[in-house]
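Numbering (my numbering), first residue to last: 170 to 512.
Positions of the beta carbon are idealized from the N, C-alpha and C atoms, including for glycine.
Source: prediction; values computed, not measured.
Structure, as structure tokens:
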Amino acid sequence: MKFSLKLLLWTMIVMAAAFGFSGFYFVNYVFERALDREAGQALDESSILKFAFETAALNVPAKYDVLLEDTTRQIASNLEAGGQGTGRMLRISDDQKQVLYAAEGFAADDGLLLALHENTKTYRVIRLDDRYYIQTAAAVEALDKKLFLETMRDVTEVFRDRATGFVVYRRVTVVILLLGTVLMHLISSWLTRPIRLLTRATKRMAAGDYDYRARLVSGDELGQLTEDFNRMANALEDTIIKLEEEIRAREDFVGAFAHELKTPLTAIIGYADMLRSHRLDEEKSFMCANYIYTEGRRLETMSLRLLDIIVTKRQEIDFQMVSAESLFFYLYDMYAAKKNMDF
Numbered sequence: 170m171k172f173s174l175k176l177l178l179w180t181m182i183v184m185a186a187a188f189g190f191s192g193f194y195f196v197n198y199v200f201e202r203a204l205d206r207e208a209g210q211a212l213d214e215s216s217i218l219k220f221a222f223e224t225a226a227l228n229v230p231a232k233y234d235v236l237l238e239d240t241t242r243q244i245a246s247n248l249e250a251g252g253q254g255t256g257r258m259l260r261i262s263d264d265q266k267q268v269l270y271a272a273e274g275f276a277a278d279d280g281l282l283l284a285l286h287e288n289t290k291t292y293r294v295i296r297l298d299d300r301y302y303i304q305t306a307a308a309v310e311a312l313d314k315k316l317f318l319e320t321m322r323d324v325t326e327v328f329r330d331r332a333t334g335f336v337v338y339r340r341v342t343v344v345i346l347l348l349g350t351v352l353m354h355l356i357s358s359w360l361t362r363p364i365r366l367l368t369r370a371t372k373r374m375a376a377g378d379y380d381y382r383a384r385l386v387s388g389d390e391l392g393q394l395t396e397d398f399n400r401m402a403n404a405l406e407d408t409i410i411k412l413e414e415e416i417r418a419r420e421d422f423v424g425a426f427a428h429e430l431k432t433p434l435t436a437i438i439g440y441a442d443m444l445r446s447h448r449l450d451e452e453k454s455f456m457c458a459n460y461i462y463t464e465g466r467r468l469e470t471m472s473l474r475l476l477d478i479i480v481t482k483r484q485e486i487d488f489q490m491v492s493a494e495s496l497f498f499y500l501y502d503m504y505a506a507k508k509n510m511d512f
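Next comes the structure, spelled out in structure tokens:
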């Protein structure tokens, strides 16, 4: 997989994860705030109904300050009638948690009362017939009775808003990811352009075009890499040129050495053939043998010089400072004595 595609893929994965987490957190945060607000309103409404029930119980004529069950049902019915159209339901239970009055459709479960402590109020969220409600419970002191007042408030719209929020956010996320994919593809292609140019340069050089250089298109780390690559290519080209020159020099040396070998070998072969095929007198035989000996020594000298050259190349030469004047007179005496040269 190309580097640009890897960059694009991982960027999209990170973006998708970030959008998914942030969207889930945001929608749930809005939902929880709305649900808390509804719960607060339901508890406030429960407190108002509790106060209204206690006030109504005090205002109803009762013999010996005893609240009859029929009176309790009547008060609850009046409170229920006052909340018509609000989606609120009401239920009244005695201290034994026996239902005295319940609005139509009120949940039959009394689990909330089991969690209710004395002189407190509580709530829970329940699901009933594909709808969601906030159920509250509070203790009511009415004359000689201890009752429990429960309400149910429809909060289905809050849950629908959360579901709608998730749907909308998913659609927005998909659109953003599609646009981001196109944009990141262009950006990744632009960022990886120096890499593509370097790849092209390596292919050209691998094909033998050592003069080709990568074009510098950025001033960042990839641009520095391009400059280093071009410097490496220059050094490589210089090395190749030196190697070619060395090979050419070796070929010239081999050619010259072969030519130098040919002359004494020709003489040796000729005189040896003369000695082999002709019956010569002693003087001519000595002359031929002397030529063979002389040319053989010449070949030996050439081989020793070649060996010296090879050994000298493999060893480090210990250079020393000498006097140019002393070197000149040393060479002068040596060559003048051999050639009788007059300077």
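**Message:** Rounded to the nearest angstrom, what separates Asp511 and Ala505 at their Cα positions?
**Reply:** Indexing the sequence shown from 1 puts residue 511 at position 342. Indexing the sequence shown from 1 puts residue 505 at position 336. In this prediction, Asp511 scores a pLDDT of 48, lower than 50, which makes its location untrustworthy; the coordinate-derived value is nonetheless stated afterwards. Straight-line measurement puts the Cα of Ala505 at about 7 Å from the Cα of Asp511.
**Request:** State the DSSP-derived secondary structure class of Gln489, mapped to helix, strand or coil.
**Result:** The residue you call residue 489 lines up with position 320 of the sequence shown. Reduced to three states, the DSSP call for Gln489 is coil.
**Asked** Can you give the Cα-Cα distance for Leu178 and Gly349, rounded to whole angstroms?
**Response** The residue given as residue 178 occupies position 9 in the sequence shown. The residue given as residue 349 occupies position 180 in the sequence shown. One C-alpha to the other measures close to 11 Å.
**Prompt:** Within 10 angstroms of its Cβ, does Met126 collect 16 or more other Cβ (buried), or is it exposed?
**Reply:** Because the chain is modelled from 170 through 512, residue 126 falls outside the range shown and cannot be assessed.
**Asked** Would you call Met321 buried or exposed, if buried means 16 or more other Cβ atoms sit within 10 Å of its Cβ?
**Response** As a first step, residue 321 must be located in the sequence shown, where it is residue number 152. Buried.
**Prompt:** Can you check whether the CB of Leu366 is closer than 9 Å to the CB of Arg384?
**Reply:** Here residue 384 corresponds to residue number 215 of the sequence shown, with the count starting at 1. Here residue 366 corresponds to residue number 197 of the sequence shown, with the count starting at 1. Going by C-beta atoms, Arg384 is nearer than 9 Å to Leu366.
**Counted within 10 angstroms of its Cβ, other Cβ atoms place Gln265 as buried (16 or more) or exposed** = Here residue 265 is taken as the residue at index 96 of the sequence shown, counted from 1. Counting every other CB atom within 10 Å of its CB across the protein chains shown gives Gln265 a total below 16, marking it as exposed.
**Item:** Euclidean distance between Cα positions of Asp380 and Met374
**Value:** Numbered from 1 along the sequence shown, position 211 holds the residue referred to as residue 380. Numbered from 1 along the sequence shown, position 205 holds the residue referred to as residue 374. Answer to the nearest angstrom: the Cα atoms are 8 Å apart.
**Prompt:** Which residue or residues does DSSP assign as beta-bridge partners of Gln267?
**Reply:** Taking the first residue of the sequence shown as position 1, residue 267 is located at position 98. BP columns for Gln267 are empty, so no partner.
**Item:** Rounded C-alpha distance that separates Ala332 from Arg202
**Value:** By one-based count along the sequence shown, residue 332 stands at place 163. By one-based count along the sequence shown, residue 202 stands at place 33. Cα to Cα, Ala332 sits roughly 15 Å from Arg202.
**Prompt:** Does the Cβ-Cβ distance between Leu554 and Ala272 come in under 9 Å?
**Reply:** The structure shown has nothing for residue 554, since the chain only spans 170 to 512.
**Asked** Could you give the residue range of the beta strand (DSSP E) that holds Leu316?
**Response** Within the sequence shown, numbered from 1, the residue matching residue 316 stands at position 147. Segment 314-323, the beta strand (DSSP E) holding Leu316.
**Request:** Could you tell me which residues DSSP pairs with Gln304 in its beta bridges?
**Result:** Locating residue 304 in the sequence shown gives position 135, counting from the first residue. DSSP, once it has assigned bridges, lists Arg293, Met321 as partnering Gln304.
**Asked** When DSSP labels each residue in this structure, what does Glu273 get in the three-state scheme?
**Response** Residue numbering aside, residue 273 sits at position 104 when the sequence shown is read from its first letter. Looking at Glu273 - three-state DSSP - the assignment turns out to be coil, as it is neither helix nor strand.
**Nonlocal neighbours in the same chain, by C-beta distance under 6 Å from Glu249, ignoring five residues either side** = Working through the sequence shown from its first residue, we reach residue 249 at position 80. Apart from the 5 residues on each side of it in sequence, Glu249 sits with its Cβ closer than 6 Å to the Cβ of Leu259, Ala272 in its chain, given in chain order.
**Check whether Arg382 and Gly192 have beta carbons under 9 Å apart** = In the sequence shown, counting from the first residue as 1, residue 382 sits at position 213. In the sequence shown, counting from the first residue as 1, residue 192 sits at position 23. Not in contact: Arg382 and Gly192 (Cβ atoms no closer than 9 Å).
**Item:** For Leu259, the first and last residue of its enclosing beta strand (DSSP E)
**Value:** Indexing the sequence shown from 1 puts residue 259 at position 90. For Leu259, the enclosing beta strand (DSSP E) has its first and last residue at 257-262.
**Request:** Would you identify the three-state DSSP class for Val386, choosing helix, strand or coil?
**Result:** The sequence position of residue 386 within the sequence shown is 217, counting from 1. In the structure shown, Val386 sits in coil (DSSP, three-state: anything other than H, G, I, E or B).
**Message:** Between Leu496, Arg293, Asp263, which has its C-alpha nearest Ala276's C-alpha?
**Reply:** Indexing the sequence shown from 1 puts residue 276 at position 107. Ranking the options by Cα distance to Ala276, first place goes to Arg293.
**Message:** To test your reading of the DSSP string, which unbroken alpha helix (DSSP H) runs of 4 or more residues are found completely within the stretch 346-407?
**Reply:** 362-375
**Under the three-state DSSP convention, the category Ala245 falls into** = The count along the sequence shown starts at 1 and reaches residue 245 at position 76. In the structure shown, Ala245 sits in a helix (DSSP, three-state: H, G or I).
**Message:** I need the straight-line Cα distance from Asp487 to Met471, nearest angstrom please.
**Reply:** By one-based count along the sequence shown, residue 487 stands at place 318. By one-based count along the sequence shown, residue 471 stands at place 302. Computed Cα separation, rounded: 24 Å.
**Asked** Does the pairing of the stretch 201-216 with the stretch 390-407 give three or more beta-carbon distances under 8 Å?
**Response** no
**Request:** Kindly list the residues whose CB is nearer than 6 Å to the CB of Gly189, restricted to its own chain and excluding five residues on each side of it in sequence; keep chain order.
**Result:** The residue you call residue 189 lines up with position 20 of the sequence shown. Excluding positions up to five away in sequence, the list is empty.
**Top-ranked residue by Cα proximity to Leu360, from Leu475, Val386, Met401** = Locating residue 360 in the sequence shown gives position 191, where the first residue counts as 1. Of the listed residues, the one whose Cα sits closest to Leu360 is Val386.
**Item:** For Ala311, the residue or residues it bridges with in DSSP
**Value:** Taking the first residue of the sequence shown as 1, we reach residue 311 at position 142. Paired residues: Lys314.
**Message:** At the level of alpha carbons, what is the spacing between Glu238 and Leu269?
**Reply:** As a working note, residue 238 is residue 69 in the sequence shown. As a working note, residue 269 is residue 100 in the sequence shown. Rounded to whole angstroms, Glu238 to Leu269 spans 7 Å at the Cα level.
**Request:** Keeping to the same chain, check which residues put their C-beta closer than 6 Å to that of Ser173; ignore five residues upstream and five downstream.
**Result:** On the sequence shown, position 4 is the one that residue 173 refers to. Excluding positions up to five away in sequence, the list reads Ser357, Ser358, Thr361.
**Request:** Going by CA-CA distance only, name the one from Leu355, Asp397, Ile364, Ile410 that's closest to Gly377.
**Result:** For the purposes of this step, residue 377 is identified with residue 208 of the sequence shown, where counting begins at 1. For the set Leu355, Asp397, Ile364, Ile410, the Cα lying nearest the Cα of Gly377 is the one of Ile410.
**Prompt:** In whole angstroms, what is the alpha-carbon distance linking Thr180 and Pro363?
**Reply:** In the sequence shown, residue 180 corresponds to position 11, counting from 1. In the sequence shown, residue 363 corresponds to position 194, counting from 1. Those two C-alpha atoms are separated by around 20 Å.
**Asked** Buried or exposed: where does Ala186 fall if 16 or more other Cβ atoms within 10 Å of its Cβ makes it buried?
**Response** Within the sequence shown, residue 186 is the residue found at index 17, counting from 1. The residue in question, Ala186, is exposed, as its Cβ has fewer than 16 Cβ neighbours within 10 Å.
**Asked** Rounded to a whole number of angstroms, what is the C-alpha to C-alpha distance between Lys324 and Val199?
**Response** Along the sequence shown, read from residue 1 onward, the residue named residue 324 stands at position 155. Along the sequence shown, read from residue 1 onward, the residue named residue 199 stands at position 30. Sequence inspection shows Val at residue 324; the Lys mentioned does not correspond to that position. Answer to the nearest angstrom: the Cα atoms are 14 Å apart.
**Message:** Tell me which residue opens and which closes the alpha helix (DSSP H) that Ala186 is part of.
**Reply:** Residue mapping note: residue 186 aligns to position 17 of the sequence shown, counting from 1. Taken as a continuous stretch (DSSP letters only), the alpha helix (DSSP H) holding Ala186 covers 172-228.
**Prompt:** What's the gap between the Cα of Thr342 and the Cα of Met184?
**Reply:** Walking along the sequence shown from the start, residue 342 turns up at place 173. Walking along the sequence shown from the start, residue 184 turns up at place 15. Using only the alpha carbons, I get a separation of about 9 Å.
**Inter-stretch contact (C-beta, 8 Å, three-pair minimum) for the stretch 442-462 and the stretch 424-432** = no
**Request:** Return helix, strand or coil for Arg419, following the three-state DSSP convention.
**Result:** For the purposes of this step, residue 419 is taken as residue 250 along the sequence shown, with counting starting at 1. In the structure shown, Arg419 sits in a helix (DSSP, three-state: H, G or I).
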